[in-house]
Every structure is written in structure tokens, then in C-alpha cells.
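Working notes, structure below.
Residue numbers (the working numbering): 416 to 1402.
Printed below as a string of C-alpha cells:
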């Protein structure tokens, strides 16, 4: 390469701040517009640049009113620096009229294209032209990008020529410099090939081959591409130079193995001559050991057994690991193959070497014999195996690799996504859901991240139900498809274990050991085998009972496999439905008998599984199955406030003849259809229920009471309940009194409601039924609150909340605590606030009605000191409860309207009151009306609109015993109408 030509005229300096260079003198261009124009002319030389293009480059922020005049003025100033005649104007535009090369960039480009530079001196002189970042004083934009792109190409070309010249005397330094550059360009094949050549020149072919393995894997994983010609040529040179590397390239993401697991592996290797790294497929076992090797650099022999299926394949893998075409000849007339291979490994491994046997699960017995033989011959060697199952060798040290925690999983997907598409939108909530549904598996997350090149994160998460078609990338090998990874483990377990795993896959979550063993095909040895192969894991809860967990990916894989065998699938489903029915019936009996705590725990744990069986379309084809399982929806209703498919399932329950065991299910179906207003189907359900009861053994107790109410006429309900209150069965009597209390409260007969609640408490205590005791105390507390006895209500609510908490009804307990706080608020606002904040903390992100009540209660407490915070709390409550759809929601809307009025938002308050008045007209016409709650909403309207004390609406609200849970709803003394006047007045 020639030296830069001697400078005899001014040149434009582009490789740093924009200047005019004349010999040793540099004249800075102080005007930003002039710098941009000079840069544009220098980049375009020798072509002219039109006025429009110059304006776009120099006035990108604000074009001048007279473009031609503005450009001409700047050109005149530049001629003063460059010299007269240095810039020529024409009809085509302006161009530099300087001797070439016109800029330092042009000098660099012209010299970088020359081949004659054996010692690299010319390249070094070109590199010296850089005075900083090209166009350092240009504003960000298209002009600076054009300049830097050309400057980077020239700089890269000069660097590569310098590297080539230094390969003969400083190859290690060249390799290190290229490695630094490749940190920003990990997929640049040309750079990788140069780095490989540098390592070969330094006599380190293994390093060259590691680079090839690393970039080949990256190209395949990220782009689905194979190495290009330059890499292929460098790879061929490395293969010809030296044997294959002992170990694969270390992983790029060291965070994948947490510090605790790394430390555990290091300690195990230091203390034992045999360490087995175990975990499910795709969890990162190989990555863990390669990270260890990369950080500690021991002498090692890395034997990849992933493709081995026979002892001869093991021998071939060992030969490759040792850098030989084949193993030395051995006398094998009497020796087992493992002994032959072990002898060679023992003979040829370096002193104190780490012998890694990677992916052993399909050859466990052979590898166990191989390890025994190696250790019998060499005490200085340490063997590390990776496998989904332990080798079962004495004094084997086990290191288990677990899934990524949420933060590391999110980081992994984020890194991969940004590498593929820098503008990808990554919602943290969706990232967390992705990590949860893929069970923290690094491989599954890598494969999911690869799809973000073509799909949004929301679409990837939304398609996880079909994950086996989604989680796959181009290429060969089982780590390119998550289905292949799971299939490899599936194929290694026995048919008995496969059948047991199919049973576990029926369940949506953990499976109790007693439930699993209730299936005829499940055995303890099969469960142990699944745990050994990490297809299932043992989890323990506070009750000390063993449970088994499988990942969602394994569950979906096994379900797909099972569906491929219809007879097996039908058999398993029938067993599953029978199991579900055996859960529902006994726990129902326990609830009725008062054994509430155990029954509630059993139902809470089993509800999702029973609902899985109930929702399966195949269940509808089993006579009576839907009817027998339908009562579980009532438990879900109690626990979470609803079950959206209950109505559909109720209709299905009517399609099969009822059996004596179907009374409770038909009762639930009838009640659902009546509540939903599907009266024709409800009539058919009542007929079916009556016929079933006649065929059933004597139906007694609470179920008989419910059947009488549902199948009787509405006018007979009061008589049925009255008769039930005289029952010798204290449970029936208590339940009847609770129902009478609720009905009386809804119809604003508050004193009668309180008497019924008190009678219910007496009967419940006589029966010793904990749920009925808690429910009766709750009703009695409501009665005291409706009659103005706040201290009595607070005390009763406190005891009821304690009772519900004792039997495991935490949501119910939280809801009642909120009403306790409301009762305490006028006398002890600090205690009330403390209770409410604790309840909201316990509720988490729940959107049940009692959470809205808690926010509204806090709003009332905050109103005197912080009206803005009060309004925010009230708005939160309304966002949870939604539009007025029943008495309680209407009451909360009324409370908010009053809070708006008292906090100064009078217009918003009146608008809210107007809307509430319209809603009340519809709500009073509903089949079931909660008069005190609707009266509370009416009282709120009166307060917002400043109606007189004797206003008819105010009188109707008092007559209906309007709810006074919130202190802001208080009409004071005044006239009182009949309790049903509100319905006539509003409707």
C-alpha cells in the first residue's frame, strides 16, 4: 500500500470534526449549516449536488424561505475558507473544484483499495488519518449516517489489512482485537473467519474450531442459516490443522446458570470423582458444564453421546473426543465394550483431566459400567455425566439443574428478542406469563424468543396451546424442536411409567399421591421412575402429603400422545370422571355434616381438576356424568363469585335420565336455570328433579329442603321455610332461618331479619356446624347494622370473620372484616383504616365486590383530610364493581356520588346521581330486589340533590331501612313511608 500523497492544496477533514486541512493547519468550520454543506459536497465529489438536496442536508430542521439564496450565502462563506474558485455553481447545483483527493476520507478510501502493503505501514498511516468520530460535530441525521457508513467501511478495510500484515508476528494480538470488535458484531462471518485464521496462525486450532462452533450455532438458532464460504474455508483449514475440539463452545449467556448452581457443581467436582448433572431435557445441563469448563479451564475430554445409540457409537464418540479417527486396537475377546472404551479413555486422558460424558440418559447402564472401569484404572480423573436420570453408581454426587426463575427467564427472552428485532414490544406481564407457561425451561424460552422475529409477544403467548408447532426452528437435532426433547424422555421410560404419566397429565396441577394411586394403572415404582427421569417432580405442602407435579409442556405432550390412541384416551377419561365424582359426593356429605375444614381443603385443591373433567366435551357423552359433577360449580361460585359455563352445563345435565345419585346435580341445574331466567328449561329441570327424588332413597336434610323450595310454588316458599324452622334436624332449622333472614332483609323487614338470624345462630350452635355458625353471626351483624347498632354489628362481624377464617374461608373472612371496619369507622377511624388496608393486602388483585367495598370505605375515611385521595379510592371501587347491576353495586355508586359532592365535584356528583336514578328504575323491577341497598342509593340521590327531609324519595328510603354502612349516607330524622313505597316511587 502506498503512502498518502503529499498535500499541496486544501482538503476537507471529515474523519473527526469537520475542518479544512491545509498542510499542518486546520481551520474549523464554525457554522453548522456550512459544515453540513461542505460535508455533502465532499461526499458527492466529483458530482454536483442540487440545491434541494443541499437544503435537505443543511436545513433538515427548518427549510429557509429562500433556499437558493440561503445556499448561495453559505457557499460564499465556504469559498473564503477554501479559496476562490473552490466551489463551482451550475444549473445542476454546486460541486467542489479541488484537486483530488478532496478529503481525508477520500484519501483513506483510495489507499484502502490498494493491495501492496506487506508490512502494514500504509494501513497504519491510513488509520492515523482519523482524528475522532467521523462528523463528530454534525447533528444526528441522514447526512451524518452517510458519512459514518463510508468512514466505517474505510476504517474496517484498513484494519483488516493491518491485521493481515501482523498475522506473521502477532497473531494472538490480532485475535484479541478481532474478539473485541466481534462483541458488537457477533454474527459477522467475515470477522469470525479472520479471527479463526489468527488463532490458526497462533497455533491454536481448538480456539478456531470453538469460534466456528459458536457462530454456527448462533447462525442456526437466530437466523436458521448455515455458515458461508469464508467460514467454511476457515473451518476446513482448522480441521486439517488439528483434531476436533474437546468441548463445545462456552455459552454466551453465563447468567443462565445461577451462582448457587455453579458453586454446587464446583464443590461437587472438588469433592467427588463422579458427578452427575441431572434435570429434564432442555434445562441447561450441558450449558452448565461448559460454563464451568470455560471459567476454570481444566484439562478435559468432552465426549458427546447425544447421537450414540450403541456401544460402538460410544467408542466412536470417545475417538472424536480424543482427536483420533478410531480407538487403538484392544484385545476384546473377553472384555466388555465398556471395559474396552474405558481402558482407552483411562490410557489417553491427560493427567487430572475432567472427563465429561454428555447426554447419557439413553445409555445409562452402559455408561455406569464405563464410569466404573475408568475410575478403577485412574484415580486422578474426575468424571462428569449429564443425564435426565442418575447413573445409579455408588458414591455418585448429584447436581440438579432447576428451571430459570422469573427474572432470569424474562432477561433471557428480552435479550434474544432485542437481538432479533430491536423494535419489538415486550410487556413484562406477558413475559412473566410466557416464563410461567413454559416452566422456566431455557430451551423452550429460547425457541419462543426465536418466534418474536415474526410474531408479537402477545401472539406467541396466545399460541402456546399449540406449542409444539410453535416452539421449533429450522435445523436438525432434538434441540431445534421442543417436542423432540420431550419425546426423547418419553421414549426412555417404561410403558407403565408412560401410562402413569398419562394419568398425571389429566390433572391441571399437582396430583396427590392418594388420587394418583386411585387409578388402576398407577404404581409407586412407575411414579419413582418418572421422578428419576425428571418427567415428574415431588412437591410437599404444609399438610405433609406427597404430591406430584409435571410441567405444562410435558402435560400437553402427553395429552397429544394419548389422543392418538382413542381406546386408551376413552379409558383414561372414564377413570378421570369416576375420580371426579368420587370427590364431589363425599365432600358434599362432609359439608352438610359440618366437617367443613377438611371438605373445604379437599374441594379447593380438587376443584380445577373436577372442572377439567366436567368441561371436557367427552364427559357429556357419559350418561349422568355432567349431572353428578355439576355441584362443583356451586363451590366455585362460593369461592370466586361465579362460573361462566354453569348455565351451559345445566342444560346438558337435562339430556340424560336422572338416577338416584343425581339429585344434587339436578338441584343445581334447576337453580341455575331459574336464576338466569330460562324458565322453559327450568320447568323441565323441576320435572326431572321431582321424578328423580321419587326414585331416590329418602332425601332428607338440607338437600330435601332445597328440593322442596325449588320444586314448590313461590307462594309455598314461606310455608316450607316456616315448617323447616321447626325441624328436629338443627342443620335444616338453621339453614331455613338463614334463608328467611336473607329474604326478610331484602324486603326491608329488618327486625324480623335480625330475629331469624338470631334463631339461626342458636340452631347452628346446637348442630355444631361451623359454617352455619359463621354465616348466622354474619347475618346477625347485618341486622344490627341496619337497625343502627354499629358497636353490636362490629362485634358480631369480628366473631364471624374469625369463624370463617378458622374453617378456611379466607375470602369470606376478608369480606366480613371490611364490614367490621365500616361499623367501626365512626368511632375508631384509625382501627377501621388498619383493617381495610390489611384486607386489601390480603385480597391482592381480586376484583370481587368486597374489594370494591373496601376501597369505598377508605374513600369515606380519607374524605375529611384528603378529598382528592378520597375521589381516587371511590373511582377505584367503581372500576371494580362496574355499572349498577344489583342493590350493592347501586349503593356503592350512590356513596361515590355523595363523596363527589362533598369533595367539591358538584357537577360530577349530579351527573352520577342522575345516572343512578335511571339505573334504579330498572333494578326495582328485577325478580329479586335488595330494598335496603336500593334505598341507600336513593338516599344518596336525595343528599346530592339536597332534597328536603320530607321529600317522598327520602321518606321511601327511610321506610325501606336504607343501608347505613357508610357514614356519609345519613338522611337524619324525617317522615317514613311503607317499606315497599320505594318500588312504586322509583319504578
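Just so you know, even glycine gets a beta-carbon here, dropped at the ideal spot from N, CA and C.
Tell me the residue span of the beta strand (DSSP E) that contains residue i.
i            : result
residue 689  : 689-693
residue 726  : Note, residue 726: premise wrong, no beta strand (DSSP E); alpha helix (DSSP H) at 726-736.
residue 436  : 434-437
residue 443  : 440-443
residue 1094 : Segment 1094-1110 is the alpha helix (DSSP H) holding residue 1094; no beta strand (DSSP E) there.
residue 426  : 426-428
Determine whether the beta carbon atoms of residue i and residue j lie at a separation below 8 angstroms.
i            : j            : result
residue 916  : residue 886  : no
residue 1352 : residue 1305 : yes
residue 719  : residue 774  : yes
residue 771  : residue 814  : no
residue 373  : residue 1163 : Nothing can be reported for residue 373, as the shown portion of the chain is limited to 416 through 1402.
residue 1275 : residue 1339 : no
residue 733  : residue 756  : yes
residue 506  : residue 473  : no
residue 1145 : residue 1181 : yes
residue 680  : residue 715  : no
Checking the sheet assignment: what are the DSSP bridge partners for residue i?
i           : result
residue 800 : 691 and 772
residue 955 : 961
residue 707 : Its beta-bridge partners do not exist; DSSP assigns none.
residue 719 : 773
residue 887 : 896
residue 509 : 464 and 504
residue 927 : 962
residue 396 : Residue 396 falls outside the range modelled here, since the chain spans only 416 to 1402, and no answer is possible.
Straight-line CA distance for residue i to residue j?
i            : j            : result
residue 780  : residue 905  : 18 angstroms
residue 802  : residue 788  : 19 angstroms
residue 1240 : residue 1311 : 17 angstroms
residue 1167 : residue 1041 : 40 angstroms
residue 1011 : residue 1186 : 7 angstroms
residue 999  : residue 1361 : 54 angstroms
residue 1387 : residue 1364 : 8 angstroms
residue 993  : residue 1067 : 18 angstroms
residue 958  : residue 705  : 40 angstroms
residue 547  : residue 562  : 13 angstroms
residue 1286 : residue 817  : 47 angstroms
residue 1078 : residue 1104 : 7 angstroms
residue 1391 : residue 1202 : 14 angstroms
residue 968  : residue 852  : 8 angstroms
residue 1394 : residue 1015 : 39 angstroms
residue 1160 : residue 1106 : 34 angstroms
residue 431  : residue 601  : 27 angstroms
residue 833  : residue 552  : 30 angstroms
Mind checking which residues open and close the alpha helix (DSSP H) that includes residue i?
i            : result
residue 815  : Careful: residue 815 lies outside any alpha helix (DSSP H), inside the beta strand (DSSP E) at 812-815.
residue 494  : 482-497
residue 904  : 897-907
residue 852  : 843-852
residue 1212 : 1205-1221
residue 1161 : 1145-1161
residue 1070 : From DSSP, residue 1070 is part of no alpha helix (DSSP H); its letter is neither H nor E.
residue 543  : Segment: none, residue 543 is in no alpha helix (DSSP H) and carries neither H nor E.
residue 621  : 620-633
residue 1309 : 1302-1317
residue 446  : Where residue 446 is concerned, there is no enclosing alpha helix (DSSP H), given that its DSSP letter is neither H nor E.
residue 950  : Premise fails: residue 950 is in no alpha helix (DSSP H) and is neither H nor E.
residue 1224 : Careful: residue 1224 lies outside any alpha helix (DSSP H) and carries neither H nor E.
Examine the Cβ distances between the segment 860-869 and the segment 827-836 and report whether three or more of them are shorter than 8 angstroms. yes
For the 8 angstroms Cβ check, are there 3 or more pairs between the segment 538-547 and the segment 454-469? no
For the pair the segment 1377-1387 and the segment 1273-1289, tell me if three or more CB-CB distances fall below 8 angstroms. yes
Tell me, please, whether the segment 607-627 touches the segment 839-859 by the rule of three or more beta-carbon pairs shorter than 8 angstroms. no
Specify whether the segment 1254-1267 and the segment 1279-1286 touch according to this definition: at least 3 beta carbon pairs, one from each stretch, less than 8 angstroms apart. no
Indicate whether the contact test is met: 3 or more Cβ pairs, each with one atom in the segment 512-527 and one in the segment 478-486, closer than 8 angstroms. no
Pair every Cβ in the segment 937-954 with every Cβ in the segment 1039-1056, then say whether three or more of these pairs are closer than 8 angstroms. no
Across the segment 951-965 and the segment 1023-1032, are there enough close Cβ pairs to call them in contact, namely three or more that are closer than 8 angstroms? no
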